[in-house]
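J.: Numbering (the numbering used here), first residue to last: 2 to 311. Where a beta carbon is used, it is the ideal one built from N, C-alpha and C, also for glycine.
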Ligand code: GFB
């Protein structure tokens, strides 16, 4: 990418999109184009095609998606597959129509089979059944990968797919019903400390293991791959280390400084037991994560003072 070329960041206000914008601006790229969802509903094909004809971006980061934690995925199953299929199909097809030089599609680690060997290699895609709680979302994201590869095969488009692990960082979602585990625990421990409540209720057994990547590390990896990676298939982006959820809860408890108990709501799902990414493909290409989990959680917690629930 050169600094005069136009870059469209789809989903620029979300946690991932805003991190990519920060990274691009830090690297001196200022010819950026955005649209809020009120200005442009990415599910409407004609509107997306008109936008691409008008702006003709040279590069696209496809970070727009309907996302959420395990409960949201399992509750709004139709929305997660419908919205994400439309968003990715419209943007990928419009990018082809206007001759975008390169597009990056962002997926998720939930695309891999529930019981795939760990750590997850990119080759394990479509080798087994998916985790039921997020199957609609996973199918949509797998379709995005296949769209990019099909447009490369048929039209020679340089569209690449990257698969981040569980993410956290600035502009995360702290709604306790729809969020992922780390922001939920940060809010729960903070509110219980502030209100001097005797316990924090976490979901499930706490036995599942998860890998957590700070979104600024993700944005750094996305910039690196947009500059260097031009192959079909997919690239895992992660730290290569995971942690049992119950240990994550005790880490957040310590960071927040909460002294009460942790209890378990076993009516909530555990989800997939583990989804640790094999990050050797990215490491061999020359990138690895820099922000450790405790350091990252402390950074995030310090940045939440303007949240309405603080
Ligand atoms: O982060 P999370 O919602 O999604 O849940 P997944 C991870 C684990 O944390 C589950 C447990 O075992 C939850 O039961 N957990 C404990 C909690 N307390 C809480 C809590 O208060 N809130 C939440 N949300 N979880 C998502 C997929 O799966 O991973 C998405 O559903 C996406 O599609 C995302 O792929 C990266 O990690 O299980």
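With DSSP as the reference, identify every bridge partner of residue 278, one or two as the case may be.
T.: 121
J.: Could you name each continuous alpha helix (DSSP H) segment of 4 residues or more that falls completely within the region 10-57, going from the start of the chain to the end?
T.: Listed in chain order, they are 16-27, 46-56.
J.: What are the start and end residues of the alpha helix (DSSP H) that includes residue 218?
T.: For residue 218, the enclosing alpha helix (DSSP H) stretches over residues 216-229.
J.: For the beta strand (DSSP E) that contains residue 264, what are its first and last residues?
T.: 262-266
J.: Three-state secondary structure (DSSP) at residue 289?
T.: Three-state result, residue 289: coil.
J.: Is DSSP giving residue 175 helix, strand or coil here?
T.: coil
J.: Quick one: what does DSSP say residue 256 is sitting in, helix, strand or coil?
T.: helix
J.: Mind checking residue 134: buried by the 16 CB within 10 Å criterion, or exposed?
T.: buried
J.: So if DSSP puts residue 182 in a beta bridge, which residue, or which two residues, is it bridged to?
T.: According to DSSP, which records beta bridges pairwise, residue 182 is partnered with nothing at all.
J.: By Cβ distance below 8 Å, which residues in the same chain neighbour residue 123 in space, the five residues on each side in sequence not counted?
T.: 164, 234, 235, 236, 237, 279, 282
J.: Looking only at its chain, what residues have a beta carbon closer than 6 Å to the beta carbon of residue 289, apart from the 5 residues adjacent to it on each side?
T.: none
J.: By Cβ distance, which residues of its chain are closer than 6 Å to residue 138, with the 5 residues on each side in sequence left out?
T.: 74, 81
J.: Between 72, 71, 109, which lies nearest to residue 63 when the distance is taken from Cα to Cα?
T.: 109
J.: Nearest CA to the CA of residue 239: which residue from 52, 211, 105, 231?
T.: 211
J.: Which complete alpha helix (DSSP H) runs does the region 59-83 hold, if anything under 4 residues is left out?
T.: 71-76
J.: With distances taken from CA atoms, which of 16, 191, 34, 190 is nearest residue 5?
T.: 34
J.: If you drop the 5 nearest sequence neighbours on each side, which residues of the same chain put their C-beta closer than 6 Å to that of residue 78?
T.: 137
J.: When the Cα atoms are used, what is the spatial distance from residue 102 to residue 160?
T.: 8 Å
J.: Should residue 31 go down as buried or exposed, given a rule of 16 or more other Cβ atoms within 10 Å for buried?
T.: exposed
J.: What would DSSP say about residue 7, mapped onto helix, strand or coil?
T.: If DSSP states are grouped into helix, strand and coil, residue 7 belongs with coil.
J.: Does the beta carbon of residue 44 fall short of 7 Å from some heavy atom of the ligand GFB?
T.: no
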